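Enquirer: If you're matching positions, the sequence shown starts at 1 in full-length UniProt numbering and goes up one per residue.
So that we are looking at the same thing, I have put the structure below in structure tokens.
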Amino acid sequence: MIKIQNVYKTYIDGDTEVRALRGVSLDIAAGEFMSIAGPSGSGKTTLLNLIGCIDELDAGEIRIQEHAVSLLNKSQLTELRRSSIGYIFQSFNLIPVLSAYENVAIALSLLNLSRDEVHRRTMTILQEVGLEGMEHRRPAKLSGGQQQRVAVARALVKDPLIVLADEPTANLDSETGEAILQLMKRINETHGTTFIFSTHDPMVMHYADRLCQLHDGKVERDERVEAAVGGA
């Protein structure tokens, strides 16, 4: 599904040149539950942003299905992100003045769906992530774990091929973080959605069926592992 070939990315930070990625190559198959791990500065978030078409690479190539990302224009990139990629952020990124329902439904606003279809999809995914009955609560009235469930629902409501999660357990206690991982693992197994995590959390790596470790912008280790648990 995703082919990453010899990718380079450098940032300029003041007078300093930061070589975030230095020749990364990976093939990611449909349905993987994959962790990209490494210490701070290893390039894991940069790689996630490139896969998500949020940032532009300097050299190399990333292909998502049949699309060579670097050859797409701005409107084509927007369409690819909108139709195929969901995002889960460590800070949840919910809109505080909107309810849980509205935070999820807004992800469908550009898909030209009927109001009934938006309602059906939104309520279905809120129920699937365990938030039935909480759809009218604003983020301030939800716990951290519930807010992350809203973020998961928002990422999934479009039925994307790929979900990218940047440190999804960073702002959660260990028990809540594990419940969120179990939720995402179950969705991965039942829907076949590809999940790619950027993380330094051992618990996230524990749940993955593939672990890619980066160090100084290069792939240090890439191996399939036996996930500790299945869906719950």
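Here a beta-carbon is modelled for each residue, glycine too, at the ideal position from N, C-alpha and C.
The structure displayed is predicted, hence computed values, not measured ones.
(1) Of all the options Arg121, Leu172 and Pro168, which has the alpha carbon lying nearest to the alpha carbon of Pro159?
(2) Looking only at C-alpha atoms, which of Ser25, Tyr8 and Tyr101 sits nearest to Arg19?
(3) Thr10 and Asp55: beta carbons closer than 9 Å?
(4) Give the straight-line distance between the Cα atoms of Leu161 and Met184, rounded to the nearest whole angstrom.
(5) Strictly by DSSP, which residues pair up with Phe195?
(6) Rounded to the nearest angstrom, how far is the Cβ of Glu178 from that of Met205, given a contact under 8 Å?
(7) Closer than 8 Å is the cut-off here; do at least three beta carbon pairs connect the stretch 26-33 with the stretch 186-201?
(8) Quick check: the stretch 112-129 against the stretch 142-161, are there 3 or more CB pairs under 8 Å?
(9) Could you round the C-beta distance between Leu47 and Leu71 to whole angstroms and report it? I think they count as a contact, below 8 Å.
(10) Between Leu200 and Gly38, how many whole angstroms is the CB-CB distance? I'm expecting something under 8 Å.
(11) State the start and end residues of the unbroken beta strand (DSSP E) segment that holds Leu211.
(12) Which of the three DSSP states, helix, strand or coil, is assigned to Gly52?
(13) Using a threshold of 9 Å, state whether the C-beta atoms of Leu26 and Lys44 are closer than that.
(14) Verify whether the separation of the beta carbon atoms of Asp166 and Gln213 is less than 9 Å.
(15) Count the other CB atoms, across all protein chains shown, that sit within 10 Å of the CB of Thr78; report buried if there are 16 or more and exposed otherwise.
(16) If I measure Cβ to Cβ from Ala107 and keep anything under 7 Å in the same chain, skipping five residues before and after, which residues do I get?
(17) According to DSSP, what are the bridge partners of Gln5?
(18) Can you tell which of Ser83, Ser75 and Asp13 has the C-alpha that lies nearest to the C-alpha of Gln65?
(19) Rounded to the nearest angstrom, what separates Ala170 and Val69 at their Cα positions?
(20) Does DSSP classify Glu102 as helix, strand or coil?
(21) Take the Cβ of Ala140 as the centre, count every other Cβ of all protein chains shown within 10 Å, and call the residue buried at 16 or more, exposed below.
(22) Nearest-angstrom Cα distance between His67 and Ile12?
Expert: This is what the structure gives:
(1) A small correction: the amino acid at residue 159 is Asp; Pro does not occupy that position in the sequence shown. The shortest Cα separation from Asp159 among Arg121, Leu172 and Pro168 belongs to Arg121.
(2) Tyr8
(3) no
(4) 14 Å
(5) In DSSP, Phe195 forms a bridge with Phe33 and Val163.
(6) So it is not a contact: roughly 13 Å between Cβ atoms.
(7) yes
(8) yes
(9) About 19 Å separates the two Cβ atoms, so there is no contact after all.
(10) Strictly speaking, residue 200 in this sequence is His, with Leu absent from that position. Right, their Cβ atoms sit about 7 Å apart.
(11) Run containing Leu211: Arg210 to His215, per the beta strand (DSSP E) assignment.
(12) coil
(13) no
(14) Taking the C-beta atoms as reference points, Gln213 is found no nearer than 9 Å to Asp166.
(15) exposed
(16) Arg154, Val157 and Lys158
(17) Glu61
(18) Ser83
(19) Rounded to the nearest angstrom, the two C-alpha atoms are 29 Å apart.
(20) helix
(21) exposed
(22) 28 Å
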